[in-house]
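Participant: Before I ask anything, here is the structure I am working with.
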Amino acid sequence: MCKDKTVVKVGIADLKIVTPPDVIRTSGLGSCVGVVIYDSIKKVAGLAHVLLPDSKSTKQENFNRHKYADTAVSILINELLVNGGRRFALKAKLAGGAQMFQFTSSSDSIRIGARNIEAVRNQLNEFHIPIVSSDVGGNVGRTIEFDPITCQLKVRKINQEEIYI
Amino acid sequence: MDYMKLSSMQLDVLREIGNIGAGNAATSMSKLIDRQIDMQVPSVRIVSFDEMMDLIGGPEELIVAMLFRIKGDAASTVYFILSIEEAENLIQKITQDNNFSLSADENTNEIAISALQELGNIVTGSYLSALSDFTGVNMQPSVPYLSIDMAGAILTAGLLEISQVSDYAIIIDTSISSGLNERIHGHFFLAPEPKSLDKLFDALGINDHV
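Each protein sequence line maps, in turn, to chains A and B. Its first residue numbered 1, the first sequence is counted upward by one per residue in the UniProt record's numbering. Its first residue numbered 1, the second sequence is counted upward by one per residue in the UniProt record's numbering.
Here is the structure:
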């Protein structure tokens, strides 16, 4: 079987699953966090682009559950299990959560990046999923791409060398 | 207010708001760099967050953006967006240094960055004061935040408040550009928070109260 490799793109507040030979990518992470969860033996991976930390703060009745860290992580895990991932084998990699602007106001948007990271970490802890590596914080945007075969997460930043974590 | 339920009259008013703001901004920019500045007819778009990134070339596009948060009755976010090339062009005009380059190295010319920030401040300031005069609504802009990075990373920073209440943003998009052979071309994005729309329409006496 010879299928062409395609790049599965994940938008803002979106979540998708990928299997080889495809790779999965999300672009322009700022304060958002890209969470990759994968099973390295079964070669299945999922990526969620989380925008906000806590769904309790929503003012919508029917909100997009992929938008918030506390709801997206559990959906991502379920999707992986449905697609052949094994609960005990799941591992995670994270990127994003930057602070793009030093806002001085007292609103919620302060430290949103840091709060996103914290919320995602809490969720992963709760499901006992180890975080293998992460590239978070700072004040730069990131584009990330994960290959379920190599289980490497490629992180690209403006004016910097690409790194693999 | 549900973005999808806006009447065509209300959309027209938002377009006019963009028109007045950007018209004023174009005038002050024209004075600043001593060139003629043209502006396009504004468009009002209701877009998902992904679509918003696509308006300026996708989430990974490298942009120079100035962001202002507006407090007061009409809480919103204003962006003044330039491409790297356009920003360099502008800085070269203002500082009269034709070799200036933003991407050259990390210790970029402080004066140039400061000039760019000041330009953004003046131009966006005139955009907002025109808006405030027209609507009679109290607007308090923050200091300008300048960033040079991926569009997705920068634009979402201004969407956080909106994203708590909606999966869409309403964008009043106006472009300004200088003469044909000089490529300076900027975008103004005004993204009002949903509750601010009611305030704006009330102030202008066209709220339907559906």
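Idealized CB from N, CA, C, for every residue including glycine.
Where does E61/B land, buried or exposed, given buried means 16+ other C-beta within 10 angstroms?
Facilitator: Numbered from its first residue, the second sequence carries residue 61/B at position 61. Buried, because 16 or more other Cβ atoms sit within 10 Å of the Cβ of E61/B.
Participant: Quick one: which unbroken alpha helix (DSSP H) runs of 4-plus residues sit fully inside the region 61-137 of chain A? Chain order, please.
Facilitator: The qualifying runs are 69-82 and 112-126.
Participant: Looking only at its chain, what residues have a beta carbon closer than 6 angstroms to the beta carbon of G158/B, apart from the 5 residues adjacent to it on each side?
Facilitator: Taking the second sequence and counting its residues from 1, one reaches residue 158/B at position 158. Excluding sequence neighbours, G158/B sits near L67 and T77.
Participant: Have a look at the DSSP bridge pairing and note the partners of P192/B.
Facilitator: Along the second sequence, read from residue 1 onward, the residue named residue 192/B stands at position 192. Answer is S76/B, bridged to P192/B.
Participant: Taking M53/B as the reference, give the member of L200/B, E193/B and D149/B with the closest Cα.
Facilitator: Numbered from 1 along the second sequence, position 53 holds the residue referred to as residue 53/B. Of the listed residues, the one whose Cα sits closest to M53/B is D149/B.
Participant: Thinking C-alpha only, which one of Q92/B, S163/B and N98/B is nearest A115/B?
Facilitator: Residue 115/B sits at position 115 when you count from the first residue of the second sequence. Nearest of Q92/B, S163/B and N98/B to A115/B, Cα basis: Q92/B.
Participant: I think E145/A touches K154/A, with their Cβ atoms under 8 angstroms apart; what is that distance to the nearest whole Å?
Facilitator: As a working mapping, residue 145/A is identified with position 145 in the first sequence. As a working mapping, residue 154/A is identified with position 154 in the first sequence. Their Cβ separation, rounded to whole angstroms, is 4 angstroms, which keeps E145/A and K154/A in contact under 8 angstroms.
Participant: Can you find a C-beta in chain A that's less than 7 angstroms from the C-beta of D149/B?
Facilitator: Counting from one through the second sequence, the residue named residue 149/B turns up at place 149. Interface residue, yes.
Participant: Please state the DSSP three-state secondary structure of K154/A.
Facilitator: Looking up residue 154/A in the first sequence gives position 154. Reduced to three states, the DSSP call for K154/A is strand.
Participant: Taking just the CA atoms, how far does M139/B sit from S57/A?
Facilitator: Here the question's residue 57/A lines up with position 57 in the first sequence. Here the question's residue 139/B lines up with position 139 in the second sequence. One C-alpha to the other measures close to 26 angstroms.
Participant: Considering only residues of the same chain and omitting the five flanking positions on each side of A130/B, which have a CB-CB separation below 8 angstroms?
Facilitator: On the second sequence, residue 130/B is found 130 positions in, with the first residue counted as 1. Excluding positions up to five away in sequence, the list reads I20, G21, G23, N24 and A25.
Participant: Please check if any C-beta of chain B sits within less than 7 angstroms of the C-beta of N64/A.
Facilitator: As a first step, residue 64/A is located in the first sequence; it is residue number 64 there, counting from the start. Closer than 7 angstroms: yes.
Participant: Which chain A residues are close to D167/B, counting only those with a beta carbon under 9 angstroms from its beta carbon?
Facilitator: The residue you call residue 167/B lines up with position 167 of the second sequence. Here the neighbours are A13, Q60, F63, N64 and K67.
Participant: State whether the region 122-131 of chain A contacts the region 3-20 of chain A, with contact taken as three or more CB pairs (one from each stretch) at a distance under 8 angstroms.
Facilitator: In short, these stretches do not touch, since the Cβ pair count stays below three.
Participant: Any chance the region 131-139 of chain A sits against the region 65-80 of chain A, with 3 or more Cβ pairs inside 8 angstroms?
Facilitator: Cβ pair count under 8 angstroms is below three, so no.
Participant: What does the alpha-carbon distance come out to for the pair F188/B and A69/A?
Facilitator: Numbered from 1 along the second sequence, position 188 holds the residue referred to as residue 188/B. Numbered from 1 along the first sequence, position 69 holds the residue referred to as residue 69/A. One C-alpha to the other measures close to 31 angstroms.
Participant: From L94/A to L82/B, what distance separates their C-alpha atoms?
Facilitator: Counting from 1 along the first sequence, the entry for residue 94/A is found at position 94. Counting from 1 along the second sequence, the entry for residue 82/B is found at position 82. Between L94/A and L82/B, the C-alpha separation is close to 30 angstroms.
Participant: Contact defined as beta carbons within less than 8 angstroms: I believe M39/B pairs with I172/B. What is the distance between those atoms, to the nearest angstrom?
Facilitator: Position 39 of the second sequence, counting from 1, holds the residue named residue 39/B. Position 172 of the second sequence, counting from 1, holds the residue named residue 172/B. Rounded, the Cβ-Cβ distance is 13 angstroms, inconsistent with contact.
Participant: Measuring only the C-alpha atoms, how far is H209/B from K71/B?
Facilitator: Along the second sequence, read from residue 1 onward, the residue named residue 209/B stands at position 209. Along the second sequence, read from residue 1 onward, the residue named residue 71/B stands at position 71. With a pLDDT of only 49 at H209/B, under the threshold of 50, the placement of this residue in the model should not be trusted; the figure read from the coordinates follows. If I take the Cα positions, the gap works out to 24 angstroms.
Participant: Name the chain B residues that come within less than 8 angstroms of F101/A, Cβ to Cβ?
Facilitator: Position 101 of the first sequence holds residue 101/A. Result: L67, Y145, S147 and A157.
Participant: On the DSSP bridge list, what partners appear for K9/A?
Facilitator: Locating residue 9/A in the first sequence gives position 9, counting from the first residue. According to DSSP, which records beta bridges pairwise, K9/A is partnered with R25/A.
Participant: Just list the residues that DSSP pairs A169/B with in beta bridges.
Facilitator: Against the second sequence, residue 169/B aligns to sequence position 169. The partner list for A169/B (beta bridge, DSSP) reads V47/B.
Participant: How long is the line joining the alpha carbons of I170/B and I117/A, rounded to whole angstroms?
Facilitator: Here residue 170/B corresponds to residue number 170 of the second sequence, with the count starting at 1. Here residue 117/A corresponds to residue number 117 of the first sequence, with the count starting at 1. Between I170/B and I117/A, the C-alpha separation is close to 28 angstroms.
Participant: Compare the Cα-Cα distances from N62/A to each of A203/B, S166/B and I113/B and report the closest residue.
Facilitator: Along the first sequence, read from residue 1 onward, the residue named residue 62/A stands at position 62. Out of A203/B, S166/B and I113/B, S166/B has the C-alpha closest to the C-alpha of N62/A.
Participant: Does the beta carbon of A153/B sit closer than 7 angstroms to a beta carbon anywhere in chain A?
Facilitator: Counted from its first residue, the second sequence places residue 153/B at position 153. Yes, because at least one Cβ of chain A sits closer than 7 angstroms to the Cβ of A153/B.
Participant: By DSSP, does E118/B sit in helix, in strand, or in coil?
Facilitator: Within the second sequence, the letter at position 118 stands for residue 118/B. Helix, per DSSP.
Participant: Verify the CB distance criterion: does S133/A have a CB-CB separation below 7 angstroms to chain B?
Facilitator: One-based indexing of the first sequence puts residue 133/A at position 133. Taking Cβ atoms only, chain B never reaches closer than 7 angstroms to S133/A, which makes this a no.
Participant: What does the Cβ neighbour count give for Y168/B, buried or exposed, with the cut at 16 atoms within 10 Å?
Facilitator: Position 168 of the second sequence, counting from 1, holds the residue named residue 168/B. With 16 or more Cβ atoms within 10 Å of its Cβ, Y168/B is classed as buried.
Participant: Listed from N- to C-terminal order along the chain, which residues in the region 121-148 of chain A have their beta-carbon within a distance smaller than 9 angstroms of any beta-carbon of chain B?
Facilitator: If the cut-off is 9 angstroms between Cβ atoms, the region 121-148 of chain A has N139, V140, G141, R142 and T143 near chain B.
Participant: Report back the beta-carbon spacing between I37/B and M29/B to the nearest angstrom; my notes put them in contact at under 8 angstroms.
Facilitator: Numbered from its first residue, the second sequence carries residue 37/B at position 37. Numbered from its first residue, the second sequence carries residue 29/B at position 29. Going by Cβ atoms, the distance from I37/B to M29/B rounds to 5 angstroms, so yes, they are a contact pair.
Participant: At the 7 angstroms Cβ level, is K195/B part of the contact set with chain A, yes or no?
Facilitator: Position 195 of the second sequence, counting from 1, holds the residue named residue 195/B. Not closer than 7 angstroms to any Cβ of chain A, the Cβ of K195/B fails to qualify, so no.
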